[in-house]
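S.K.: Got a structure for you, questions after.
In our numbering, the protein residues as written are 223 to 374.
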């Protein structure tokens, strides 16, 4: 990842836009995409569940089926301005988490970092069911366990 873009939250926006691709096509990702998925899911882990769900409602959908800012605001029962402010705050928080993850990964880059244990379940982080609630299938704990194993 390259940080210091002129556009605010560039990395967070880019990774959120690829969220569904990283989950759906995990088995066929290129090494650079696996690294980006690692950034995204590590950054999301630093957000609260409510914050992750808010971003998921906007970004964790198929391209072309995403809700517009107006639709999201209507769904949440808030004004478009309030929604945009909330979304930007969350993207800023995610961007700061990505910077933290980047610093950690740079320190670990001297070691050979194996991705063989990084499974689809761990990458998913959590799965939304039709009612937009977190399903019991995968959890952020799975991803945390991966990081704990990798650190050992």
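We treat Cβ as the ideally placed atom computed from N, Cα and C, and that holds for glycine. Computed from a prediction, not measured in an experiment: that's the story for all the values here.
#1: Are residue 323 and residue 264 closer than 7 Å when you measure CB to CB?
#2: With a 10 Å radius around its C-beta and 16 neighbouring C-beta atoms as the bar for buried, classify residue 297 as buried or exposed.
#3: Quick check: the Cα distance between residue 256 and residue 270, rounded to an integer number of angstroms?
#4: Output the distance between the C-alpha atoms of residue 230 and residue 318, rounded to the nearest integer angstrom.
#5: Out of curiosity, what's the CA-to-CA distance linking residue 168 and residue 285?
#6: By the DSSP assignment, the alpha helix (DSSP H) with residue 239 in it spans what residues?
#7: Put residue 299 into one of helix, strand or coil per three-state DSSP.
M.R.: So, from the listed chains and residues:
#1: For residue 323 and residue 264, yes; Cβs fall inside 7 Å.
#2: By the 10 Å Cβ count, residue 297 comes out exposed.
#3: Using only the alpha carbons, I get a separation of about 23 Å.
#4: A straight-line Cα-Cα distance of about 11 Å links residue 230 and residue 318.
#5: Since the first and last residues shown for the chain are 223 and 374, residue 168 lies out of range.
#6: Per DSSP, the continuous alpha helix (DSSP H) segment holding residue 239 begins and ends at 232 to 239.
#7: Here residue 299 sits in coil by DSSP.
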